[in-house]
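Below is one structure, written out as structure tokens; comments come after it.
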Amino acid sequence: MNSRRVSTIFLLTLLGVTFVLAYGILRPFLHPVVLAMVIGIGFYPVHILIQRWVRRTNVAALISTAGVFLIFVIPAGILASAASRELFHTAHYISSKSAAEGGIVSYVNQFVDRILEWLRKYVDVENSGIRQIVDSLPANISRFLLRTGTLLVTGLANFAGQGVITLFILFFVFRDGPSIMDQVASVLPLDPERARHLIARMRESIVANLYGILAVSIVQGLLTWIAMTIVRAGSPLLLGVAAAMFSLVPIVGSALVWVPVALVQLLTGHWWKATFLVVWGTVVVGAADNVVRPLVVGGRVRLHPVLVLFSLIGGVKQFGFIGLFIGPVVISLLLALLNLLKEEFGQTTNGALVTDSAKIPSMRPE
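Heads up: the sequence shown begins at 2 in the working numbering, then just goes up one per residue.
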């Protein structure tokens with residue numbers, strides 16, 4: 002074995018060990034880094050306009066970062082304030098109604114008795130175990146509320162910490178974005194054209210997912226607003242906006258809005274409204290995510306909608322929220338790499354997955 006081969010093996014081994022160690026060190030910051038990159042790529046055209054106006058790189062990056070912060074914080078603050086008012090009005094309504102019927106405990110007992118009375122028409126409530134389940138509900142609900150409250154406080158603290166790190170990274174993405182991409186391209190063992198192609202595919206996939214998230218948010222918010230208007234819930238427009246924002250949350254999404262409203266309708270005796278909200282939210286609003294997002298994303302990154310859907314579901318399962326971006330990016334890059342291998346081995350490059358080199362966009366925004 003010659004010295005060159007030994008040197009190559011040693012360098013590859015050292016690279017592998019270093020990569021594993023570096024991943025372990027940087028893993029806690031994976032979510033903020035990916036989120037900052039996604040936001041930076043999405044808002045970079047606006048940042049370019051700010052930079053042309055300010056003409057100072059650091060100041061422009063600071064203004065862009067502050068702008069992103071305000072875009073997310075101000076609507077969240079307005080929604081939180083409005084939601085607290087709606088919660089107060091709902092609690093006041095339930096309290097007033099329960100007071101007229103002997104207090105909140107009496108009101109809940111009467112509500113449960115009505116449910117049991119309806120069930121007695123179809124099953125033996127006393128001998129089927131349903132009565133025991135109902136009797137244990139108060140203790141189970143108390144434990145659930147305590148556990149949920151603890152998780153909420155912990156989650157909010159973690160969210161705030163992750164948000165600060167994301168904004169910190171976002172500043173450097175705005176300031177040094179093009180040079181970072183140039184450095185990444187120079188490190189890749191590919192010719193400049195192919196490196197630009199891979200980076201362009203990654204950027205296209207991220208932008209496509211941003212469009213997909215925006216489209217899903219608008220559609221789910223609109224559908225939720227329609228449902229809330231039909232059942233005459235308080236502030237249907239506000240609830241629609243809240244559903245649009247909560248649609249970003251993986252798996253549960255806008256259900257964080259219509260499920261509590263359905264429960265309130267159920268507690269206040271509006272059975273048909275609660276049933277309508279559950280059916281509408283599950284069938285119509287829930288299906289929008291699985292239909293709209295693959296169509297929007299697949300159209301921009303030239304992937305089949307089914308493949309996009311699988312990449313989204315698998316990405317979320319593997320990485321959480323950022324899997325919405327990582328999943329399609331990985332699949333898109335995989336297909337691009339297969340294309341490069343076909344070129345390397347001299348096979349045809351006229352397939353639907355190949356982008357003409359003359360049309361490959363520059364890494365630097367124009």
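Built from N, CA and C at the ideal position, the CB exists for glycine as well.
Since the structure is predicted, the reported quantities are computational estimates derived from the model, not experimental observations.
Asked	Found
Secondary structure of SER248, DSSP reduced to three states	coil
Closest residue to TRP119 among TRP272, LEU339, GLY315, LEU308 (Cα-Cα distance)	TRP272
Buried versus exposed call for GLN184 [16 or more other C-beta atoms within 10 Å across all chains shown]	exposed
Any C-beta of chain D under 9 Å from that of ARG6	The question asks about chain D, but that chain is absent: this structure has only one protein chain.
Helix, strand or coil at VAL18 according to DSSP, with G and I counted as helix	helix
Rounded distance between the beta-carbons of VAL208 and GLY43, thought under 8 Å	7 Å
Contiguous alpha helix (DSSP H) assignments of at least 4 residues, all confined to the stretch 251-314	256-268, 272-280, 287-302
Helix, strand or coil at PHE346 according to DSSP, with G and I counted as helix	coil
CB contact flag (ALA245, GLY222, <9 Å)	yes
Cβ pair LEU224, ALA37 closer than 9 Å	no
Anticipated Cβ contact below 8 Å, THR1 with ARG176, distance rounded	With the chain running from 2 to 367 in the structure shown, residue 1 is simply not present.
Residue closest to LEU341, alpha-carbon to alpha-carbon, out of PRO193, SER218, LEU239	PRO193
C-alpha gap between ALA77 and PRO306, whole angstroms	32 Å
Candidates ARG233, ALA243, SER206, of which the one nearest VAL220 by Cα	ALA243
N- and C-terminal bounds of the alpha helix (DSSP H) containing SER206	193-231
Assigned exposure category for PRO366 - 16 Cβ within 10 Å defines buried	Per-residue confidence for PRO366 stands at a pLDDT of 48, beneath the threshold of 50, marking its modelled position as unreliable; the derived number appears in the next sentence. PRO366 comes out exposed.
Option nearest LEU335 by Cα separation, candidates SER65, ILE40, THR283, SER206	SER206
Among VAL253, PRO261, LEU238, PHE326, nearest to ILE79 - alpha-carbon criterion	LEU238
Member of LEU308, SER333, PHE320, PHE11 whose CA lies at the smallest distance from the CA of LEU199	SER333
Per-residue burial, ALA234 [other beta carbons within 10 Å of its own, 16 or more giving buried]	buried
Sequence-distant residues of the same chain with beta carbon closer than 6 Å to VAL154, five excluded per side	none
Alpha-carbon spacing of VAL286 relative to LEU12, whole angstroms	53 Å
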